[in-house]
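Report on the following structure.
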Amino acid sequence: MTAISTIRNLGPAMETALFNAGIADAETLREFGADAAYCKLLENGQRRHFIEYYVMHMALQGRPWNDCKGAEKDALRMTFDALCAKYVYAARTELETFMNRIGVRK
């Protein structure tokens with residue numbers, strides 16, 4: 015098992031966040047891939063942050079974090095927004111369900 019922080023661009027804070035989300039090592043992170051790993055972070059309550067998302071992509075490709083530019087960055091932004099929308103919608107639905115149950119909304 016290799017520490018996540020051994021992957022270029024991923025430091026102790028990301029290592030802790032991923033560990034708390036159930037991804038304990040670099041091998042598991044590589045198996046998951048950036049999209050699935052980021053979803054695990056969101057499921058675990060991690061605040062949405064586009065830079066974290068694309069840095070993880072660059073890190074898993076062995077590229078510098080600031081290598082993401084132009085059309086590639088635009089495409090990653092679209093994917094990031096789509097991933098995050100699922101979690102925002104799910105949270106809103108839970109809140110709406112609760113509010114309906116207690117009679118705040120019809």
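Residue 88 in the working numbering sits at position 74 of the sequence shown, and the numbers go up by one each step.
By construction, the Cβ of each residue, glycine as well, lies at the ideal position given by its N, Cα and C atoms.
CB-CB length for residue i against residue j, believed under 8 Å
i	j	result
residue 17	residue 39	7 Å
residue 23	residue 92	About 22 Å; that fails the 8 Å criterion.
residue 54	residue 36	6 Å
residue 58	residue 80	Wrong, their Cβ atoms sit about 27 Å apart, outside the cutoff.
Top-ranked residue by Cα proximity to residue i, from the options
i	options	result
residue 97	22, 23, 41, 60	60
residue 78	68, 30, 84	68
residue 62	115, 109, 21, 101	101
residue 41	34, 21, 27, 117	21
residue 66	84, 88, 27	27
Boundaries of the alpha helix (DSSP H) in which residue i is found, first to last residue
i	result
residue 47	40-57
residue 34	26-34
residue 69	64-74
Short Cβ contact (8 Å threshold) for residue i with residue j
i	j	result
residue 51	residue 70	yes
residue 43	residue 56	no
residue 112	residue 64	no
residue 82	residue 74	no
Same chain only: Cβ atoms within 6 Å of residue i, ignoring 5 sequence neighbours per side
i	result
residue 25	19
residue 110	none
Neighbourhood of residue i by C-beta distance below 8 Å, restricted to the same chain and skipping five residues each side
i	result
residue 29	17, 18, 19
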